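Colleague: Got a structure for you, questions after.
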Amino acid sequence: MAKSINLMLLFIAATLSSFAQNADSLKNIITSDSLGKWYTGNPVPKTKFKVATFIAPAVLMGYGFAAVYDKGALKQLDLSTKAELQEDHPLFAAHVDDYLQFAPAAAVYALNLSGIKGKHNLFDATMLYVTSAAIMGVSTHFVKQGVGRERPNGNDENSFPSGHTASAFMAAEFLHQEYKDVNPWIGYAGYFVATATGTLRMYNNKHWFSDVVAGAGFGIASTKIAYLVYPYMKQIFNKKKDSKFTLMPFYQPGASGLMLSGKL
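Take the sequence shown: its letters are residues -20 to -1, 1 to 244, numbered as in mature numbering (1 follows the signal peptide of the UniProt record, and there is no 0).
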């Protein structure tokens, strides 16, 4: 059973790319003297919304929600998957998934720094990743609170969807969007890393199978939405040609992040 589940997850990762958006390469359109300074340039070309690009994440999320409230086959699949994994690996406790979820995003920076440029320059790419993370974080947080599903290990009631898996597939889609026109295999590689993250979440008894499937959907959708809305966000800050913005990290007890300041 465990082998069949792993094969199913690998199949999901391998086929997700067929639903990916086919857009023309975007040009790097801003310059910066440091990551903290943002000078305006030409507007980022807008990406057209295509329903087909959201079919895969919608199906994945739909499956997850259906499994949460199902009393039949989908619930049994969650239960049997957990039982099989725990029977074969009762003491499994690898925490590499805490770091593996960020690997596809780290690859974007590593490739850029090694001279293999993606669709955007590093600043725009960073803003796209931050936007994706914000959408993913907010959406999964409220769904976790609203659904209140108990984890397989019984530790708490915020199992659905898997945040680690959502983060991993968000990063995988980010890598895919940046490099699908450079080398498709670079983009596809992120999906397999993300699938490994989701598989480890189940082996660690932190999530049900349907949590992982839904998490993949949330992650992919978050990045796709970010690539749709970012050009409009950029346009707001480009209203005046000479406007200048400063991006800086901030920290206060209980919160940290990035702060953008300047004049329009």
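Just so you know, even glycine gets a beta-carbon here, dropped at the ideal spot from N, CA and C.
Keep in mind the model is a prediction, meaning the values are calculated, not measured.
Within a Cβ cutoff of 6 Å, which residues of the same chain sit near Gly197, ignoring the five residues on either side of it in sequence?
Modeller: If we look at Gly197 and ignore the five residues flanking it on each side, its Cβ neighbours are Pro37, Leu40, Met41.
Colleague: From this set, Tyr168, Ser190, Glu153, Ala148, which residue's C-alpha is nearest Phe82's C-alpha?
Modeller: Closest option to Phe82, Cα to Cα, is Ala148.
Colleague: How about Asn184: is its Cβ closer than 7 Å to a heavy atom in the ligand HEM?
Modeller: You won't find the ligand HEM in this model; it holds no ligand whatsoever.
Colleague: By the DSSP assignment, the alpha helix (DSSP H) with Val127 in it spans what residues?
Modeller: 102 to 127 is the span of the alpha helix (DSSP H), which, as asked, contains Val127.
Colleague: Measure the CB-CB distance between Gly195 and Glu158 and report whether it falls below 8 Å.
Modeller: Result no, Cβ atoms of Gly195 and Glu158 do not sit closer than 8 Å.
Colleague: Considering only the alpha carbon of each residue, which of Asn138, Met107, Lys160, Ser190 lies closest to Gln125?
Modeller: Selected option, being the one with the closest Cα: Asn138.
Colleague: For Glu153, I'd like the list of residues in its chain whose CB is within less than 7 Å of its CB, leaving aside the five on either flank, ordered along the chain.
Modeller: Contacts found: Gly199, Ile200, Thr203, Lys204.
Colleague: So, do the stretch 176 to 196 and the stretch 71 to 85 have three or more beta carbon pairs nearer to each other than 8 Å?
Modeller: At 8 Å Cβ cutoff, the stretches touch.
Colleague: Is the beta carbon of Ala113 sitting closer than 8 Å to the one on Met150?
Modeller: The answer is yes: Cβ separation under 8 Å.
Colleague: Can you tell me whether Gly170 is buried or exposed? The criterion is at least 16 other CB atoms within 10 Å of its CB, across all chains shown.
Modeller: Looking at its Cβ environment, which holds 16 or more other Cβ atoms inside 10 Å, Gly170 is buried.
Colleague: Residues in its own chain within less than 6 Å of Phe45 by CB, not counting five upstream and five downstream?
Modeller: There are no such residues.
Colleague: Just to confirm before moving on: does the CB-CB distance between Leu155 and Pro84 stay below 8 Å?
Modeller: Taking 8 Å as the Cβ cut-off, Leu155 and Pro84 qualify as a contacting pair.
Colleague: Look at Ala146 and Thr120 and say whether their C-beta atoms are less than 8 Å apart.
Modeller: Yes.
Colleague: In the structure shown, what three-state DSSP assignment does Gly88 receive?
Modeller: Strictly speaking, residue 88 in this sequence is Val, with Gly absent from that position. Val88: helix per DSSP, three-state reduction.
Colleague: Over the uninterrupted alpha helix (DSSP H) stretch that includes Thr179, give me the two end residues.
Modeller: Its alpha helix (DSSP H) spans residues 164 to 183.
Colleague: How many angstroms separate the CA atom of Val76 from the CA atom of Asp58?
Modeller: Distance between the alpha carbons of Val76 and Asp58 is about 23 Å.
Colleague: If you run the structure through DSSP and keep just helix, strand and coil, what is Gly143?
Modeller: Correct three-state label for Gly143: helix.
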